[in-house]
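Asker:
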Amino acid sequence: MALTLAVLLCVSASLFAIVRAEDPYRFFDWNVTYGFIYPLGVRQQGILINGQFPGPDIHSVTNDNLIINVYNSLDEPFLLSWNGIQNRRNSFEDGVYGTTCPIPPGKNFTYILQVKDQIGSFYYFPSLAFHKAAGGFGGIRILSRPRIPVPFPDPSGDYTILIGDWYKTNHTDLKDHLDGGKKLPFPDGILVNGRGPNGYSLTVEQGKTYRLRISNVGLQHSLNFRIQNHKLKLVEVEGTHTLQTTYSSLDVHVGQSYSVLFTADQPGQDYYIVVSTRFTAPEVLTTTGVLHYSNSAGPVSGPPPGGPTIQIDWSLNQARSIRTNLTASGPRPNPQGSYHYGLINLTKTYILSSSAGQINDKQRYGFNSVSFVPADTPLKLADYYNIGGVFRVGSISDRPYGGALYLDTAVLGADYRAFVEFVFQNDEDIVQSLHLDGYSFFVVGMDGGQWTESSRNQYNLRDAVSRCTTQVYPNSWTAIYVALDNVGMWNLRSEFWARQYLGQQLYLRVYTTSTSLRDEYPIPKNARLCGKASGRHTRPL
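Residues -21 to -1, 1 to 520 (mature numbering (1 follows the signal peptide of the UniProt record, and there is no 0)) are what the sequence shown spells out, left to right.
1) Assuming Y480 is part of the alpha helix (DSSP H), what are its boundary residues?
2) Is DSSP giving F109 helix, strand or coil here?
3) In or out: T356 buried (at least 16 other Cβ within 10 Å) or exposed?
4) Grab me the residues of S294's own chain with a C-beta within less than 6 angstroms of its C-beta, minus the 5 sequence neighbours each way, in chain order.
5) Of the residues F32, R124 and T12, which one's Cα is nearest the Cα of P18?
6) Quick one: what does DSSP say T151 is sitting in, helix, strand or coil?
7) Helix, strand or coil: how does DSSP classify A(-20) here?
8) Three-state secondary structure (DSSP) at E432?
9) Would you say G309 faces chain C, with C-beta separation under 7 angstroms as the test?
10) Over what stretch of residues does the alpha helix (DSSP H) that includes I291 continue unbroken?
11) Can you list the beta strand (DSSP E) stretches of 3 or more residues lying completely in the region 457 to 506, in chain order?
12) Name the DSSP bridge partner or partners of A393?
13) Excluding sequence positions up to five away, which residues of its chain have a Cβ less than 8 angstroms from the Cβ of S201?
14) Output the residue ranges of the alpha helix (DSSP H) runs that lie fully inside the region 324 to 407 and measure 4 residues or longer, sorted by chain position.
15) Use the C-beta contact count for V372: other C-beta atoms within 10 angstroms, 16 or more gives buried, fewer gives exposed.
16) With 16 as the cutoff for other CB atoms within 10 Å, does F475 come out buried or exposed?
17) Where do the ends of the beta strand (DSSP E) carrying T266 lie?
18) In three-state terms, what does DSSP make of V156?
19) CA-CA distance, Q484 and S473?
20) Give me the Cα-Cα distance between L58 and E407, rounded to the nearest whole angstrom.
21) Using CA atoms only, rank isn't needed, just tell me which of L360, V444 and G281 is closest to H319.
22) Relative to the alpha-carbon of H38, which residue among Q23, V49, L122 and I46 has its alpha-carbon at the smallest distance?
23) Report the rounded CA-to-CA distance for S70 versus V466, giving the unit in angstroms.
24) Specify whether the region 120 to 140 and the region 93 to 101 touch according to this definition: at least 3 beta carbon pairs, one from each stretch, less than 8 angstroms apart.
25) Below 6 angstroms CB to CB, which residues in the same chain sit around L181 once its five sequence neighbours on both sides are set aside?
26) Starting from P70, follow the beta strand (DSSP E) in both directions and report where the run begins and ends.
27) Could you tell me which residues DSSP pairs with F88 in its beta bridges?
28) Go ahead and label T225 buried or exposed: buried means 16 or more other beta carbons lie within 10 angstroms of its beta carbon, across all protein chains shown.
29) So, helix, strand or coil for H516, using DSSP?
30) Work out the CA separation of Y50 and M(-21) for me, nearest whole Å.
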C-alpha cells in the first residue's frame, strides 16, 4: 500500500534534487481512512490519519524537507493542504484544487514540501468537498535551528491545541445541505484536540512554564481561549515572534494560529481550560478542559471563568496590540525588524469586498461580485502547460464595482517581486477571516467603516505583525502589505469553510517570464495530472 522508506528516499532524491543536499529530510507515511468518532457523545463518521483524530503532528526545523506520503483509503478524492507553509517556488504541492490534482480513492500521492526560511505554529487540513467538517487536520510546528536564538527560554512542555466549532451531523450531510443552496446551521459544540466538554486534560508541574500552540481549525466561528486564574503571554503568531504581551484571554479567529506561554504559578489544584464562541450572543457555545497540577489537592471548582462575547472593540484593540518583536531573530539570525516594509513603495492596490447573495435561488458567496467555481483542470497545471479555456487572468476586478453576484473562475494577476496592498472591505455584519496561501503578509491596519486612501494615515508601518490569516471585523476593513516574492498560483480564501465552499475564494497568479530555478521549480515528476492536463508527460516508474 504505502511506499517504503527506501523507496521514499529514492523518490525524494530523484524528484527533488534541486533541494540543497544539506537540508534534512523528514518522512511521513499516512493512511487516510474513515472511522467512527464520538467527540460530542454521538457516533459519526470522521476522517482519521493513521487511525488518529485529530491527525498526527508534524514536527520539523527551519529548512527541513518534508516527504509526506498520503494514501487515500476513502471512497472519494482527497487532498491535504498546509495552512501557512509557504513551499517556496512550488505551488504545485499546495494541496488545493486550483493547484493540485486530487488523490483518487485507493491511490497515494507523495507531497514534497520544504519549510524554507520558516518557523512557528501552523496546521494542515483536508481541502476538498467538505472534508474539514470530518477531521483530517493536525498541527505543524517548525522549530528554529539550534544556532538561531529564540527570545524566550525553552519551555518545560510544548503542546498543540486544536480548537474549533463542530457538528454532530456527518460531513456528507452538511455538504448536501450546502449543495441544496442553504446556509450552515449553528454548530453543536466546541472541540479541544478532538474532544468535547471536559474531554481534554493537560498535566503540568508547579512553577514550570509551558508553551501552547493554539490553532482554530473550525468551520466558521471565532473562539476565545483562556485558562482559569492563569495569564497567557503571546510569543509567536504564524511564524513571527511577537512582543511578549500578556492577556487574560485570547481571540483566535478561524484559520489563525498563536503561541502562548503560561506558568503554572497557582496553588496546586485543577483549573478550567475554557474555549467559547465570540460574536454569537445570545447563543454562546462553551467547552472546558482541565489543567491538572501534578500535585493537585482537588478538582476544578466554581463556574468556568467568563470571557468576552460580542464586544468588537475589545477584540479590535487586542488585535492592534499584537506587534512584531523587531529585535528577535526569525528563521535567520538577522532581526525581524531588519526588513523595513514601511519604506517600500507600493506597486498596486487591490480592494476586495466580500459578497453574499443568491444565484439560481441558491446561497453563494464571493469577492467583488464574483463567486468562484472550480475549473475542470487545476489552474496551475493549465498555466504551466498553456492550456486555454480553463481560466482567464483578470476574471475578477481588482476592486469592487457594485454589480450583482455571478459565477466565474476568479483569477487575479500579479507581477513577481511587486510590493502590493490588499484592502479587505467587509460590509457584512459578521467577523470574517481571510487567508493567503504561499505568503506571510504585514497586517498594517484595521478599523471600522469604509476604507479610503486617507485610511493609510493610521497604518502601522514599523512593527505590524506578519502572518498568513487575518480577521476583518463587521462593517470594517483590514489592510495588508505583501511582497510578492513567491511565484505560483496561490489561493486567497475565506476561512469560513461554507463561504469558501460556496465561492468566497480566488487565485492570485504571481507570474514571471523567467524560467530560472531561482524563481520557480519545475513541475514535480510525481505530480498527478488530471482534467485537460491528463497525459501531458510520462511519469517515471
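We put the beta carbon where it would ideally sit given N, CA and C, even for glycine.
Since this is a predicted model, take the numbers as computed values, not measurements.
Answerer: Quick look at the numbers:
1) Its alpha helix (DSSP H) spans residues W476 to Y480.
2) In the structure shown, F109 adopts coil according to DSSP, grouped into three states.
3) Buried.
4) D230.
5) Out of F32, R124 and T12, F32 has the C-alpha closest to the C-alpha of P18.
6) Of the three classes helix, strand and coil, the one that applies to T151 here is helix, per DSSP.
7) Because A(-20) carries a pLDDT of 41, less than 50, the predicted location of this residue cannot be relied on, and the following value inherits that uncertainty. In the structure shown, A(-20) sits in coil (DSSP, three-state: anything other than H, G, I, E or B).
8) The answer is helix: DSSP assigns E432 an H, G or I state.
9) Included in the structure is just one protein chain, with no chain C present.
10) Residues I291 to S300.
11) Secondary structure remark: continuous beta strand (DSSP E) runs of at least 3 residues inside the region 457 to 506, in chain order: 467 to 473 and 484 to 490.
12) V489.
13) Result list for S201: N195, D230, V231, H232, V233, T256, R257, F258, S294, V410, S412 and Q450, in chain order.
14) List check, alpha helix (DSSP H) in window: 358 to 363.
15) Under this definition V372 is an exposed residue.
16) In the assembly as shown, F475 is a buried residue. Its beta-carbon has 16 or more other beta-carbons within 10 Å.
17) Per DSSP, T266 is one residue of the beta strand (DSSP E) stretching across T265 to Y272.
18) The question names Val, but residue 156 in the sequence shown is His. Helix, per DSSP.
19) The alpha-carbon of Q484 is positioned some 6 angstroms away from that of S473.
20) Approximately 31 angstroms, taken between the alpha carbons.
21) It is V444 whose Cα lies nearest to the Cα of H319.
22) Comparing Cα-Cα distances from H38 to each of Q23, V49, L122 and I46, the minimum goes to L122.
23) When rounded, the distance between both Cα atoms is 8 angstroms.
24) Output reads yes: the region 93 to 101 touches the region 120 to 140.
25) Within its own chain, the residues whose Cβ lies closer than 6 angstroms to the Cβ of L181, once the five positions on either side in sequence are excluded, are L270, listed in chain order.
26) With the sequence shown as reference, residue 70 is identified as Ser, and Pro is not the correct amino acid for it. In the DSSP assignment, S70 falls outside any beta strand (DSSP E), carrying neither H nor E.
27) DSSP output for F88 lists V49 as bridge partner(s).
28) T225 is exposed by the Cβ-count criterion.
29) In the structure shown, H516 sits in coil (DSSP, three-state: anything other than H, G, I, E or B).
30) Confidence is the limiting factor: at M(-21) the pLDDT is only 46, short of 50, which leaves the residue's position unreliable, though a coordinate-based value still follows. Take the alpha-carbon of M(-21) and the one of Y50: they are about 8 angstroms apart.
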